[in-house]
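**Q** Before I ask anything, let me first share the structure, which is written out below as structure tokens.
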Amino acid sequence: IMAGKNGEESRYSLAYREISHLPERHKKRISQKNIRVLDLSHNNFSDLRTLNGLTSLQTLVLDYNLIQSRVVCPMLPNLEILWVNCNNIENLPLFLETVAESFPNLKHISMMKNKAAPSFFNGGSVQEHKDYRLYVLSILNKLSWLDDCAISEEERKASSCIYGKRRPKSKP
């Protein structure tokens, strides 16, 4: 745990623990301390339902886990930053539908080194990377940052022109 402003605890790390769910004692501590940043990188998470109720989270780091396109996520309305680099995300529309529904206020997402995020890291062309950025922005239109760089005003206009304002359908 790391202290934030005014000495309050703000960051909690369970990285490198080889865990696939959040142990109840840690979940209780995270809830009680109103932890805002949770680092679960380098673990075995494939399902995020274990994070249900952690509504104070603003940043979630899930790099190097087993996250797939069909991941199940709880509603985390205050989450603004999500890192899912180096996972098993292959189907971008499916993954983004879940992300948009579960994290409605997301401002920064990083999905580098996933098949669904074409870039020079995984053999994607410059055009594929550009198209990927525009598509992600069409679904997650509150984004200000995608992967390793800010969203430009030109990208925002191009995304709106190509895709319009799209949001996944809400579940009944």
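Letter by letter, the sequence shown follows residues 2 to 173 of our numbering.
Quick reminder that beta carbons are idealized off the backbone N, C-alpha and C, glycines included.
In its own chain, which residues sit with a C-beta less than 7 Å from the C-beta of K114, not counting the 5 before and 5 after it?
**A** Position 113 of the sequence shown, counted from the first residue, corresponds to residue 114. Excluding positions up to five away in sequence, the list reads N86, C87, F122, N123.
**Q** Distance check for V73 and H22, CA to CA, integer angstroms please.
**A** Taking the sequence shown and counting its residues from 1, the one referred to as residue 22 is at position 21. Taking the sequence shown and counting its residues from 1, the one referred to as residue 73 is at position 72. One C-alpha to the other measures close to 13 Å.
**Q** Using CA atoms only, rank isn't needed, just tell me which of K34, S160, D148 is closest to M112.
**A** Reading the sequence shown from its first residue, position 111 is the one you call residue 112. Answer by Cα proximity: D148.
**Q** Mapping DSSP to helix, strand and coil, what is Y13?
**A** Numbered from 1 along the sequence shown, position 12 holds the residue referred to as residue 13. Strand, per DSSP.
**Q** Any heavy atom of the ligand ZN closer than 7 Å to the Cβ of R18?
**A** Absence of the ligand ZN is noted for the structure shown, with no ligands found whatsoever.
**Q** Sort out for me which residues DSSP pairs Q128 with in a bridge.
**A** Numbered from 1 along the sequence shown, position 127 holds the residue referred to as residue 128. According to DSSP, which records beta bridges pairwise, Q128 is partnered with nothing at all.
**Q** Which residues in the same chain have their Cβ closer than 6 Å to the Cβ of N66, if we skip the five residues on either side of it in sequence?
**A** One-based indexing of the sequence shown puts residue 66 at position 65. For N66, where only same-chain residues beyond five positions count, the Cβ hits under 6 Å are N44, F46, N88.
**Q** DSSP on I82, reduced to helix/strand/coil?
**A** Numbered from 1 along the sequence shown, position 81 holds the residue referred to as residue 82. It is a strand residue.
**Q** Using a 10 Å radius around the Cβ and a threshold of 16 neighbouring Cβ atoms, would you call P24 buried or exposed?
**A** In the sequence shown, residue 24 corresponds to position 23, counting from 1. It counts as exposed.
**Q** Going along the chain, which residues of its own chain have a beta-carbon closer than 6 Å to the beta-carbon of K116, five neighbours each way excluded?
**A** Taking the first residue of the sequence shown as 1, we reach residue 116 at position 115. Excluding residues within five positions, the ones whose Cβ falls inside 6 Å are E91.
**Q** In chain order, what residues of the same chain have a beta carbon less than 7 Å from the beta carbon of S57, not counting five sequence neighbours either side?
**A** Along the sequence shown, one-based indexing puts residue 57 at 56. Result list for S57: N35, I36, R37, N79, in chain order.
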